[in-house]
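Only one structure is covered here, and it is reproduced in the block below.
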Amino acid sequence: MDEANKQYFIQILTKYRLGEATPEEINFLESYYNLFDLNNDLITDENEADYLYLKDAIKANVDERIAQYQKKPVMMSSRSGWITYAVAASILLFISVGAYFFIHNTHKADNFAANTYKGIMPGTNKATLTLANGTTISLDDAANGQIAKQAGVKISKTADGQIVYQADATGQDQVAQNTVTTPKGGQYKIILPDGTNVWLNAASSITYPTVFKGAEREVTLNGEGYFEVAKNRAMPFRVKSALQTIEVLGTHFNINAYADEGLVKTTLLEGSVKVTSATSSILIVPGEQAVIDRSGNGAISKQQVNIDKEVAWKNGVFSFADEDIREVMRQVSRWYDLDVVYEGDMPTEKFFGEISRSSNLADVFRILELNNMKFAVEGKTVKVSYGK
Numbered sequence: 001m002d003e004a005n006k007q008y009f010i011q012i013l014t015k016y017r018l019g020e021a022t023p024e025e026i027n028f029l030e031s032y033y034n035l036f037d038l039n040n041d042l043i044t045d046e047n048e049a050d051y052l053y054l055k056d057a058i059k060a061n062v063d064e065r066i067a068q069y070q071k072k073p074v075m076m077s078s079r080s081g082w083i084t085y086a087v088a089a090s091i092l093l094f095i096s097v098g099a100y101f102f103i104h105n106t107h108k109a110d111n112f113a114a115n116t117y118k119g120i121m122p123g124t125n126k127a128t129l130t131l132a133n134g135t136t137i138s139l140d141d142a143a144n145g146q147i148a149k150q151a152g153v154k155i156s157k158t159a160d161g162q163i164v165y166q167a168d169a170t171g172q173d174q175v176a177q178n179t180v181t182t183p184k185g186g187q188y189k190i191i192l193p194d195g196t197n198v199w200l201n202a203a204s205s206i207t208y209p210t211v212f213k214g215a216e217r218e219v220t221l222n223g224e225g226y227f228e229v230a231k232n233r234a235m236p237f238r239v240k241s242a243l244q245t246i247e248v249l250g251t252h253f254n255i256n257a258y259a260d261e262g263l264v265k266t267t268l269l270e271g272s273v274k275v276t277s278a279t280s281s282i283l284i285v286p287g288e289q290a291v292i293d294r295s296g297n298g299a300i301s302k303q304q305v306n307i308d309k310e311v312a313w314k315n316g317v318f319s320f321a322d323e324d325i326r327e328v329m330r331q332v333s334r335w336y337d338l339d340v341v342y343e344g345d346m347p348t349e350k351f352f353g354e355i356s357r358s359s360n361l362a363d364v365f366r367i368l369e370l371n372n373m374k375f376a377v378e379g380k381t382v383k384v385s386y387g388k
């Protein structure tokens, strides 16, 4: 922690001891105590009494929070087990106190962002529609109303940005494939011709027919997407993605199948899902996640997960649990459209918590820097290093 931030922390610590801290400052101290070792560079002879007072006053609160977390239906991988107090003290939490911290350092944060991360903004709603004939349409730039017509199907954009398909008599007999693609730094919601809602995360795509015909509804996903499938028992809905096919009748689920992730994960929120790979098949129920290791033979395992975490991206939040810096940076790089270069050894500590996806990049990196991560941005490339 740099000297300015250290002095800011000590100032709040003193106010806490005197009973003058605001609720926001108390929340900041509690969270910081929970997650960082304060003994090394923050505690001096002058404020040791304040620290001990803080420690005694907060410990019960911290223990209670972690006990509550342990009761939640969140299953980590078998090698990690449940998060304990000792582990919680060594990992970083992305929470609202981080935003509070930056608000109280407004001038410094603004200069930092302006000088270092100029032009790098959070992702927005943007995507490209590719028609069957290869024509591409920028959906974020397209005017409302009809934007295309193909194979007897009118494609329109509504005032709220949705894409709507309307087939005439000839369109019911003709089928053309369309693809919606989000770039890095983009996301988009699509309503498929059958009424199914799909949210695409950054750097993702979905290919689907302009009209669903035959015995099933089939689409292909690359990257990550959240589906709310329109019910139709006579026509199952199938999603093809990396290493697997998902089959449902009507349900809510999330698929994470990014090519640079080691695991392909399908998480069910509602209904039931059948996941099939080249070598196995499995059924999952709400709260479960099917997992395929890209380095394996297609075997599918399943586990209980925190579904709020798995779909946090759809709700505008980065949510991390038991993830290392490389996993964190893969999500950050997709959303802020960055290339990442790692310099030297990275820490083994895991990261845990949340931060809004609308945060500017400076805020995200300044929170990570509290855990001794270092970032140097040159254009659209960020160099990541670690050191105390």
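Residue numbers (the UniProt record's numbering): 1 to 388. Just so you know, even glycine gets a beta-carbon here, dropped at the ideal spot from N, CA and C. These numbers come from a predicted model, not from an experiment.
Simplified DSSP state of THR106, which is helix, strand or coil: By 1-based counting over the sequence shown, the position of residue 106 is 106. Caution applies to THR106, whose pLDDT of 37 falls short of 50 and renders its modelled position unreliable; the value that the coordinates give is listed next. In this structure, THR106 counts as helix in the three-state DSSP scheme.
Whether VAL311 touches ASN360 by CB criterion (7 Å): Working through the sequence shown from its first residue, we reach residue 311 at position 311. Working through the sequence shown from its first residue, we reach residue 360 at position 360. For VAL311 and ASN360, no; Cβs fall outside 7 Å.
Secondary structure, alpha helix (DSSP H): runs of 4+ residues fully inside the UniProt domain "Protein FecR C-terminal" (318 to 384): Counting whole runs of 4 or more residues, the UniProt domain "Protein FecR C-terminal" (318 to 384) contains the alpha helix (DSSP H) stretches 325 to 336, 361 to 369.
Burial state of ARG366 (16 or more Cβ within 10 Å): Taking the first residue of the sequence shown as 1, we reach residue 366 at position 366. Counting Cβ neighbours within 10 Å, ARG366 comes out buried, since at least 16 surround it.
Between the CA atoms of PHE352 and VAL275 - distance to the nearest angstrom: Counting from one through the sequence shown, the residue named residue 275 turns up at place 275. Counting from one through the sequence shown, the residue named residue 352 turns up at place 352. Cα to Cα, the separation comes out at about 28 Å.
Alpha-carbon spacing of ASN256 relative to SER295, whole angstroms: For the purposes of this step, residue 256 is identified with residue 256 of the sequence shown, where counting begins at 1. For the purposes of this step, residue 295 is identified with residue 295 of the sequence shown, where counting begins at 1. A direct Cα-to-Cα measurement between ASN256 and SER295 gives close to 16 Å.
Beta-bridge pairing of TYR226 - partner residues as DSSP gives them: Residue numbering aside, residue 226 sits at position 226 when the sequence shown is read from its first letter. Answer by DSSP bridge pairing, in chain order: TRP199, ASN254.
Same chain, Cβ closer than 8 Å to GLN162, neighbours up to 5 away in sequence not counted: As a position in the sequence shown, residue 162 is number 162, starting the count at 1. Same-chain partners within the cutoff: LYS189, ILE190, ILE191.
VAL229 classed as buried or exposed, judged by whether at least 16 other C-beta atoms fall within 10 angstroms: Against the sequence shown, residue 229 aligns to sequence position 229. It is buried - the Cβ of VAL229 has at least 16 other Cβ atoms within 10 Å.
Beta-carbon spacing of ALA167, VAL239 below 7 Å: As a position in the sequence shown, residue 167 is number 167, starting the count at 1. As a position in the sequence shown, residue 239 is number 239, starting the count at 1. Not in contact: ALA167 and VAL239 (Cβ atoms no closer than 7 Å).
Rounded C-alpha distance that separates GLN244 from ASN201: Here residue 244 corresponds to residue number 244 of the sequence shown, with the count starting at 1. Here residue 201 corresponds to residue number 201 of the sequence shown, with the count starting at 1. In a straight line, the C-alpha of GLN244 is about 19 Å away from that of ASN201.
Burial state of GLU216 (16 or more Cβ within 10 Å): The sequence position of residue 216 within the sequence shown is 216, counting from 1. Result: exposed.
Rounded straight-line distance, which links the Cα of ILE137 to that of GLY145: On the sequence shown, position 145 is the one that residue 145 refers to. On the sequence shown, position 137 is the one that residue 137 refers to. If I take the Cα positions, the gap works out to 13 Å.
Simplified DSSP state of ASP160, which is helix, strand or coil: As a first step, residue 160 must be located in the sequence shown, where it is residue number 160. Note: ASP160 maps to coil in three-state DSSP.
Spatial distance of ASN222 from TYR258 (CA atoms): One-based indexing of the sequence shown puts residue 222 at position 222. One-based indexing of the sequence shown puts residue 258 at position 258. Answer to the nearest angstrom: the Cα atoms are 7 Å apart.
Residue burial classification, ARG334 (beta-carbon count within 10 angstroms, cutoff 16): In the sequence shown, residue 334 corresponds to position 334, counting from 1. Flag for ARG334 reads buried.
Residue of GLY316, GLU25, ASP339, PRO23 minimising C-alpha distance to SER356: In the sequence shown, residue 356 corresponds to position 356, counting from 1. The shortest C-alpha separation from SER356 is found at GLY316.
Alpha-carbon to alpha-carbon, TYR117 and GLU25: Here residue 25 refers to the residue found at position 25 when the sequence shown is read from its first residue. Here residue 117 refers to the residue found at position 117 when the sequence shown is read from its first residue. Going by the C-alpha atoms only, they are around 28 Å apart.
Rounded separation between ARG326 and LYS213 - CA only: As a first step, residue 326 must be located in the sequence shown, where it is residue number 326. As a first step, residue 213 must be located in the sequence shown, where it is residue number 213. When rounded, the distance between both Cα atoms is 42 Å.
Alpha carbon of GLN377 to alpha carbon of GLY271, nearest angstrom: Reading the sequence shown from its first residue, position 377 is the one you call residue 377. Reading the sequence shown from its first residue, position 271 is the one you call residue 271. With the sequence shown as reference, residue 377 is identified as Val, and Gln is not the correct amino acid for it. Their Cα atoms are separated by approximately 44 Å.
Cβ-heavy atom distance, ALA257 to the ligand ADP, below 6 Å: Inclusion of the ligand ADP in the displayed structure is not the case, the ligand content being empty and no account of it being possible.
Straight-line Cα distance separating GLN177 from VAL273: Working through the sequence shown from its first residue, we reach residue 273 at position 273. Working through the sequence shown from its first residue, we reach residue 177 at position 177. Those two C-alpha atoms are separated by around 25 Å.
Reduced DSSP category for PRO23 - H, G, I as helix; E, B as strand; rest coil: For the purposes of this step, residue 23 is identified with residue 23 of the sequence shown, where counting begins at 1. The three-state secondary structure of PRO23, taken from DSSP, is helix.
For PHE101, three-class secondary structure by DSSP: Within the sequence shown, residue 101 is the residue found at index 101, counting from 1. Only weak support is given to the placement of PHE101: the predicted model assigns it a pLDDT of 34, under 50, and the question is left unresolved by the model.
Residue interval of the alpha helix (DSSP H) (run including GLU310): Here residue 310 refers to the residue found at position 310 when the sequence shown is read from its first residue. Unbroken alpha helix (DSSP H) run through GLU310: 307 to 310.
Whole-angstrom distance between VAL164 and THR158, CA atom to CA atom: For the purposes of this step, residue 158 is identified with residue 158 of the sequence shown, where counting begins at 1. For the purposes of this step, residue 164 is identified with residue 164 of the sequence shown, where counting begins at 1. Roughly 7 Å between the two C-alpha positions.
Nonlocal neighbours in the same chain, by C-beta distance under 6 Å from THR196, ignoring five residues either side: As a first step, residue 196 must be located in the sequence shown, where it is residue number 196. Counting only Cβ-Cβ distances below 6 Å, and skipping sequence neighbours, we find VAL229, ALA230.
Alpha-carbon to alpha-carbon, GLN289 and VAL264: Residue mapping note: residue 264 aligns to position 264 of the sequence shown, counting from 1. Residue mapping note: residue 289 aligns to position 289 of the sequence shown, counting from 1. Straight-line Cα distance between these residues: approximately 10 Å.
Own chain residues within Cβ distance below 8 Å of ASN232, not counting five before or after: Here the question's residue 232 lines up with position 232 in the sequence shown. Once the five neighbours on either side are set aside, the close Cβ partners of ASN232 are ASP194, ARG217, LEU249, GLY250.
Coarse secondary structure for LYS184, derived from DSSP in three states: Taking the first residue of the sequence shown as 1, we reach residue 184 at position 184. Of the three classes helix, strand and coil, the one that applies to LYS184 here is coil, per DSSP.
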